[in-house]
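For the record, in the sequence shown the residue sitting at position 191 is 191 according to the numbering used here, with numbers rising by one throughout. C-beta: ideal position from N, C-alpha, C; glycine also. Right, one structure below, let's go through it.
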Amino acid sequence: MIDRMILQPRRSRTKTGCLCCRLRRKKCDEEKPACQNCQKRGLVCSWLGSQEFAWRLKMKEGSGRCSIISSLPTQRALEWNMTPLSPNMPSRVSIPDAPLLLQFFIQETSPRLTCKGNCSQFQNPFQDEVPLLAESDSVVMYAVLALAGMHMGYYTKDHAREQTAVRHYILAMKELHSAIADWVAGSQGDVVRLLLITVLLVYYEAISGNKSGAMAYHLRACRQFAFHITANNELPLEGDVVGLLLETYAYLELYSCLRFSPLEEDVRTNLNSFVSQLDYLRQFKTFGVLFGSASALYETIPSISFLSLLRQQELREHQDLGSAALYHDLDKLITSWSNDAISCVNLEFGSDRVFEIPAIMALRNALQVFLETSFYYGSVSVVEFSKKVEPLVDATLPLLQFLKETPLFYTAYWPMVVLGANARTAAHRNIISSLLEDHTMPMASRMKEILSWIWDHPDENVFGLPGLELVVKEQSTALCIA
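Written as structure tokens, this is what we have:
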């Protein structure tokens with residue numbers, strides 16, 4: 001939760017040194033052609049006046065890939081940043097709210113895009129590197145400003161700020177369409193850049209509530225870019241941004257599969273991709289920024305989605321297709337995550353990681369509900385099914401209450417929806433309502449609105465994930481959780 005309205009004043013930036021060090025507020029040894037800081041982090045050591053374009057550089061092994069043109073988004077930056085790096089890059093003088101929104105993105109928005117928050121031992125590429133890339137790319141800049149503006153607007157309840165964010169979003173979409181057209185046409189446009197932009201737009205839709213369902217379209221675009229990256233070995237895969245973006249895509253894709261009636265094409269695609277085998281992501285030092293220590297649990301999601309499709313086919317065709325065996329295998333895998341095993345979570349990032357234990361337990365219980373729904377819903381009575389899931393709801397709510405004031409609460413949104421859709425008692429519903437009511441993110445109020453459609457539905461048999469899909473369809477709206 002954002003706990004302050006007024007942004008803390010920035011420390012004065014260094015007035016000497018390369019632009020990377022100035023932007024990152026690091027002391028520069030001013031060694032040329034590349035200072036030690038840039039060599040260590042794999043950045044192109046750029047100096048004021050450099051006209052290199054970040055996304056077009058193809059560096060040799062061991063050298064950097066990213067050129068920088070500006071300093072942190074302070075008011076002083078406007079004094080000298082008058083000339084755009086690229087003909088398509090508007091100067092920030094032409095975007096009056098850019099300094100404020102970039103500062104808000106760095107301080108408030110970016111920590112909430114990973115599970116590490118502001119952990120001092122974790123360098124967040126969204127916080128450290130994406131603002132640098134935005135300085136040299138208009139589409140990235142518009143996407144960052146749209147996301148930060150929507151986040152800031154909802155927090156401050158500033159409708160004008162929200163409208164400004166919408167304008168940035170429209171500009172980002174307009175330029176993104178051209179960039180994608182160029183990429184499809186065979187240009188050398190950087191696919192990592194396109195993945196970054198679409199990931200930022202997914203988060204924009206998540207913050208704004210995603211009533212139009214546009215998040216699903218952005219996520220499908222992310223899929224194409226992510227698969228292209230993993231299929232082309234010539235792309236540099238050692239960078240923090242690349243690892244972060246691939247994990248973010250996988251995280252968002254897996255959550256999109258958590259439906260009672262997923263699309264068969266999506267399920268089969270994910271079963272045959274790195275999304276269901278997350279070991280691919282372990283080559284990046286950023287691995288775990290979203291999955292934490294629970295990657296094995298997340299890997300079960302495509303299989304549970306497949307089980308749901310298989311079981312529904314069995315019920316339609318009245319034949320055994322092997323769903324029972326798959327159910328028991330998945331049940332054993334999920335329940336094997338005992339409290340003792342979870343308590344051994346690696347604490348390498350500091351004491352804040354202790355919050356990961358209840359977060360993993362909440363995820364495990366929600367996945368168990370998803371598994372029970374996928375196999376039993378429609379084949380047993382409502383009363384019998386409720387008896388299977390109600391103990392899981394009862395056991396998970398205290399965990400969510402514990403997570404309420406921690407950086408990991410946002411990762412509990414999907415478990416809350418699953419539990420809320422299966423909450424049959426007033427006591428359980430009141431707890432979930434209270435948890436969602438205290439959070440300012442529009443996604444939280446959006447979730448509460450949709451859950452109220454289930455709770456107030458005239459048919460008491462409308463509940464659970466099938467009920468969630470039904471009420472969303474009845475209201476002609478969409479729900480995607482990120």
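Contact check for Arg259 against Phe306 fails: the beta carbons are separated by 9 Å or more.
In this structure, Ala165 keeps its C-beta atom at 9 Å or more from the C-beta atom of Met141.
For Met441, there is no enclosing alpha helix (DSSP H), as DSSP gives it neither H nor E.
Excluding the 5 residues flanking it on each side, Leu363 has same chain C-beta neighbours closer than 7 Å at Ala294, Leu297 and Pro415, in chain order. Per the Cβ contact rule, the stretch 430-445 is not in contact with the stretch 460-472 (fewer than 3 Cβ pairs under 8 Å).
Contact between the stretch 133-147 and the stretch 165-183 is established, with three or more Cβ pairs separated by less than 8 Å. Rounded to the nearest angstrom, the gap between the Cα atoms of Val369 and Ile229 is 34 Å. Burial state of Lys157 is exposed, judged by a 10 Å Cβ sphere holding fewer than 16 other Cβ atoms. Ranked by Cα distance from Leu254, the first of Gly243, Glu299 and Gly213 is Glu299. With 16 or more other Cβ atoms inside 10 Å of its own Cβ, Pro131 counts as buried. In this structure, the straight-line span from the alpha carbon of Val192 to that of Phe225 is close to 7 Å. With 16 or more other Cβ atoms inside 10 Å of its own Cβ, Leu194 counts as buried.
Membership of Arg259 in any alpha helix (DSSP H) is not indicated, and neither H nor E is assigned to it by DSSP. In the three-state reduction of the DSSP assignment, Val380 falls in the strand class, which pools E and B.
Collapsing the DSSP output to three states places Trp337 in coil. Runs of the alpha helix (DSSP H) spanning 4 or more residues and lying entirely within the stretch 289-318 occur at 295-298 and 301-317, in chain order. Classified as exposed, Asp320 has fewer than 16 neighbouring CB atoms from the shown chains inside 10 Å of its CB. DSSP, reduced to helix, strand and coil, places Leu479 outside both helices and strands of the structure shown, so it counts as coil. In the DSSP annotation of this structure, Phe105 is not part of any alpha helix (DSSP H), being labelled neither H nor E. Here Tyr204 is actually not in contact with Tyr251; their C-beta atoms are around 16 Å apart, not less than 8 Å.
If you check the CB distance, Cys115 and Ala359 come in under 9 Å. The DSSP-derived three-state label of Asp97 is coil.
Note that the C-beta distance between Ala143 and Leu102 is not below 9 Å.
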